[in-house]
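Asker: Protein chains in written order, with the working numbering: chain A, 62 to 303; chain B, 276 to 567.
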Amino acid sequence: MLQISNIDVYYGDIQALWDVSLRIGDGEIVAVLGSNGAGKSTVMKSISGLLKVRAGHIDFGNIRLDGLPAHHIVELGISMVPEGRRIFPQMSVLENLEVGASTNAARKTRQNTLEWIYEFFTPLKLRAKQKAGTLSGGEQQMLAIGRALMSVPKVLLIDEMSLGLSPIVVQELSGVIQGINKLRKLAVLLVEQDIELALSMASRGYIMENGRIVDQGDAKLMLCNPRIKETYLGIGAEEKAG
Amino acid sequence: MEFVLQTIANGLLAGALYGLVALGLGLLMGVMKFLNIAHGTFIILGGYLSFWLFNLWGIDPFLSIPLVMIAMFLIGLVFYRLALSPLLKLPDVGMRIDTSMLITFGLIWVLDNAMTMLWTPNVRTILTSYTGETFRFFGARFSFTGLCGVGIAVLVGLALYSVLSRTYFGKHLRAATQDAEAASLCGVNVQRVYLISTGIAIALAGVAGAVIVSSYSISASGGIGWLLIAFVVMVLAGEGNINAIIPAGLVYGLLEAGSVLIFGVPYRQAIALLVFVLVLMFKPQGLFAKRE
Ligand SMILES: Nc1ncnc2c1ncn2[C@@H]1O[C@H](COP(=O)(O)OP(=O)(O)OP(=O)(O)O)[C@@H](O)[C@H]1O
Ligand SMILES: [Mg+2]
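#1: From T391/B to I108/A, what distance separates their C-alpha atoms?
#2: Output needed for G199/A: all residues of its chain with C-beta closer than 6 angstroms, excluding positions within five of it in sequence on either side, in chain order.
#3: Below 8 angstroms on C-beta distance, what does T164/A contact in chain B?
#4: Name, please, each residue of chain B whose Cβ falls closer than 7 angstroms to the Cβ of P150/A.
#5: Note down, in chain order, each residue of its chain lying with its Cβ closer than 8 angstroms to the Cβ of A415/B, except the 5 sequence neighbours on either side.
#6: When the distance is taken between beta carbons, is L217/A closer than 7 angstroms to A189/A?
#7: Quick one: grab the DSSP three-state call for I283/B.
#8: Closer than 6 angstroms to a non-hydrogen atom of ligand 2 - does that hold for the CB of E144/A?
#9: Between A193/A and chain B, is the shortest Cβ-Cβ distance under 7 angstroms, so that the two count as touching?
#10: Starting from the beta carbon of E159/A, find every residue of chain B whose beta carbon is closer than 7 angstroms, and list them in chain order.
#11: When you measure from the CB of S102/A to every non-hydrogen atom of ligand 2, does any distance come out below 6 angstroms?
#12: Unbroken beta strand (DSSP E) runs of length 3 or more, entirely within the segment 173-246 of chain A: which are they?
#13: For A280/A, decide whether its Cβ has a neighbour in chain B, counting only Cβ atoms nearer than 7 angstroms.
#14: Determine whether the Cβ of A457/B lies closer than 7 angstroms to any Cβ atom of chain A.
#15: Output yes if chain B places a C-beta closer than 7 angstroms to the C-beta of V135/A; else output no.
#16: Within 10 angstroms of its Cβ, does Y293/B collect 16 or more other Cβ (buried), or is it exposed?
#17: Can you pull the chain B neighbours of R288/A, defined as C-beta to C-beta under 9 angstroms?
#18: In the DSSP assignment, what residue or residues form a beta bridge with G278/A?
#19: Assuming A512/B and A519/B form a contact by the criterion Cβ under 8 angstroms, report the distance between their Cβ atoms to the nearest whole angstrom.
#20: Please compile the residues from chain B whose C-beta is within a distance smaller than 7 angstroms of the C-beta of R147/A.
#21: So does N311/B have its beta carbon nearer than 6 angstroms to some heavy atom of ligand 1?
#22: Just to confirm my understanding: we take M584/B, look at its own chain, exclude 5 residues before and 5 after, and list those with CB closer than 6 angstroms. What are they?
#23: M141/A lies in the alpha helix (DSSP H); which residues open and close that run?
#24: How is the beta strand (DSSP E) around E253/A delimited, first residue to last?
#25: When the distance is taken between beta carbons, is S375/B closer than 7 angstroms to F575/B?
#26: Is A450/B close to chain A? Criterion is C-beta to C-beta, closer than 7 angstroms.
#27: Does the beta-carbon of R543/B have 16 or more other beta-carbons within 10 angstroms, so that it is buried, or is it exposed?
#28: Exposed or buried, what is E567/B when buried is set at 16 or more other beta-carbons lying within 10 Å of its beta-carbon?
#29: Could you say which of D255/A, A99/A, T164/A, V104/A lies nearest to E221/A if we only look at CA atoms?
#30: Using the Cβ count rule (16 or more neighbours within 10 Å means buried), how would you classify M556/B?
#31: Cβ-heavy atom distance between N97/A and ligand 1 below 6 angstroms?
#32: Any idea if G303/A is buried or exposed, counting beta-carbon neighbours within 10 angstroms, 16 or more meaning buried?
#33: So, helix, strand or coil for S418/B, using DSSP?
#34: Hey, is R566/B's beta-carbon within less than 7 angstroms of any beta-carbon in chain A?
#35: CB-CB under 8 angstroms to L185/A, same chain, minus the five flanking residues each way: which ones, in chain order?
#36: Which residues in chain B have a C-beta closer than 8 angstroms to the C-beta of R208/A? List them in chain order.
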């Protein structure tokens, strides 16, 4: 349903993506993997309208996304959890969630959405009045995901969900994402450094290197592929040790 | 004793106005990082509109405030489209502050001259049937127009506070202030929030001008003096701390009245600048900054 076709993306004059193509089907979880600076976040920002696409195009159903402003893309049903969470620290948890429901459609169902998000993320309900900046890292990530869900998206883009969080919290969050994916037919695009986690959640995976897609395939097969394990899990292990 | 009470009264009356004068400046700076050097000049423009409504149609200056606000709001929209929105393309926030200063500095000359042509360089004020009337409380005298000014400052301050804390627009505005990109990812049309905020900021300048022309007087080139006051109050409140601006204005008004009592009127402006420098040196985050 979301199709990226041969896009080139630049930061100023510096090219960051070359001829990137990627597809997310209805209700599918897809992982994008790659080392630091490979261009994963750039792909996300291109979909969500934060970056302009110089060549190629991005289509959602039969609507062309590239060129639309970011707030319009949210309205169409694509929501992003940005790298580093980017919650509004001076606003309460509830206010953060309310801002997440800014589009007209989302406002109408706001109370309903809030209730099921609170069910998945109970800490958010308990801390609704608290300033978001005072939440723990895991709670902030919950809030960032909850806020993105408040717009009732059909596709959720999550950039580096696991970064800086304990394994237990990561387990919990990924469980919730999989739950929402099943219950609400929510398609998810995951960008992760934690390759094992991402591939175990996803049905398909893409691998990026230097702004290009270099490999793609079935997630389970990739997880068993010794070459991918060697190249990427190796890097991951080194970083964790260092 | 009576002298001290009168000083406090004067300080409160002036201080409420100072807070009102700073609201629009603080809003533009806090939300968008635009430093509007022409803020005082917009205040004067609002004062002239009020003056005009009174002289041509005899509309009371306090009753005409909604009309002045609407007119100034529309002027603010044009101001945003022509002068400010192009600056959003600049790569960083520091450049945005610098460039907005240069552009609005130029705008002062344009507006000053336009207003001189329209309303002559004469000093203008509004004389109503109640101008000059005073009340006595606890031995201190309050002017009626001054009290109206306080009432309006408090009312406008509270209205702004509830818009910012309660309405969807207010939440969008605060979100955009904290992280504009993240706000746009939530579906907030950040450009639209900026447009409307600028309209509100200029409308607030208009209210201040209307109050000034009915309690004091205005002249076409008097904007710089009010800009200075607005600037000091904004720094006292702490950048981005819009709810602290009216209280900061009151603090500044009391400080000023006290210093006039002790050092005499000629040092009024010097005290303002001294307070400004001291706050920047010792508490650059403002007097009202919340502890984290
Ligand atoms: N704002 C920017 N201006 C200029 N270049 C940028 C900018 N953001 C990213 N880049 C460059 O684009 C390339 C891809 O960056 P991107 O952030 O997409 O990588 P990533 O795969 O998300 O990396 P990480 O795993 O570290 O998050 C990098 O070479 C980076 O230096
Ligand atoms: Mg990244």
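Even for Gly, the Cβ is constructed at its ideal location relative to N, Cα and C.
Answerer: The answer reads as follows:
#1: A direct Cα-to-Cα measurement between T391/B and I108/A gives close to 52 angstroms.
#2: Taking G199/A as the centre and dropping the five residues before and after it, the same chain places the C-beta of L226, V230 closer than 6 angstroms to its C-beta, in chain order.
#3: At a C-beta separation below 8 angstroms, T164/A has these neighbours in chain B: G462.
#4: Here the neighbours are Q453.
#5: Only E277, L280, Q281, I283, A284 meet the Cβ criterion.
#6: No, they are not a contact pair.
#7: Correct three-state label for I283/B: helix.
#8: Yes, Cβ of E144/A sits closer than 6 angstroms to a heavy atom of ligand 2.
#9: Interface criterion not met: the Cβ of A193/A is under 7 angstroms from no Cβ in chain B.
#10: Ordered by position in chain B, the residues that pass the 7 angstroms Cβ test against E159/A are K446.
#11: S102/A has its CB nearer than 6 angstroms to a heavy atom of ligand 2.
#12: Within the segment 173-246 of chain A, the complete beta strand (DSSP E) runs of at least 3 residues fall at 216-220.
#13: Look at A280/A: its C-beta is not under 7 angstroms from any C-beta on chain B.
#14: True, the Cβ-Cβ gap to chain A drops below 7 angstroms.
#15: Closer than 7 angstroms to some Cβ of chain B, the Cβ of V135/A qualifies, so yes.
#16: By the C-beta density criterion, Y293/B is buried, having at least 16 other C-beta atoms within 10 angstroms.
#17: Within 9 angstroms Cβ-Cβ: nothing; R288/A doesn't reach chain B, min ~35 angstroms.
#18: Answer is G266/A, bridged to G278/A.
#19: That belief holds up - the Cβ atoms of A512/B and A519/B are roughly 4 angstroms apart, short of 8 angstroms.
#20: In chain order: D454, A457.
#21: In this structure, N311/B has its CB at a distance of at least 6 angstroms from all heavy atoms of ligand 1.
#22: Lying before the first or after the last residue shown, residue 584/B is absent from chain B, which here runs from 276 to 567.
#23: No alpha helix (DSSP H) contains M141/A, which is instead part of the beta strand (DSSP E) from 139-142.
#24: 248-253 is the span of the beta strand (DSSP E), which, as asked, contains E253/A.
#25: One cannot answer for residue 575/B here, as it falls past the ends of chain B, which runs 276 to 567.
#26: Yes - at least one Cβ of chain A is within 7 angstroms of the one on A450/B.
#27: With fewer than 16 other beta carbons inside 10 angstroms of its own, R543/B counts as exposed.
#28: For E567/B, the pLDDT reaches just 41, beneath the cut-off of 50, and the residue's location in the model is therefore unreliable, although a value from the coordinates is still provided. With fewer than 16 other Cβ atoms within 10 Å, it is exposed.
#29: Ranked by how close their Cα comes to the Cα of E221/A, the residues D255/A, A99/A, T164/A, V104/A have D255/A in first place.
#30: Its Cβ having fewer than 16 others within 10 Å, M556/B is exposed.
#31: The answer is yes for N97/A.
#32: Confidence at G303/A is low in this model, with a pLDDT of 38, below 50, so its placement is unreliable and no value can be given for it.
#33: If DSSP states are grouped into helix, strand and coil, S418/B belongs with the strands.
#34: Residue confidence for R566/B is low, a pLDDT of 48 falling below 50, so the modelled location carries little weight; the figure read from the coordinates is stated next. The C-beta of R566/B comes no closer than 7 angstroms to any C-beta of chain A.
#35: For L185/A, same chain residues with a beta-carbon under 8 angstroms away, outside a window of 5 residues either side, are V154, L158, I178, Y179, E200, M203, L204, G207 in chain order.
#36: Those within 8 angstroms of R208/A in chain B are C461.
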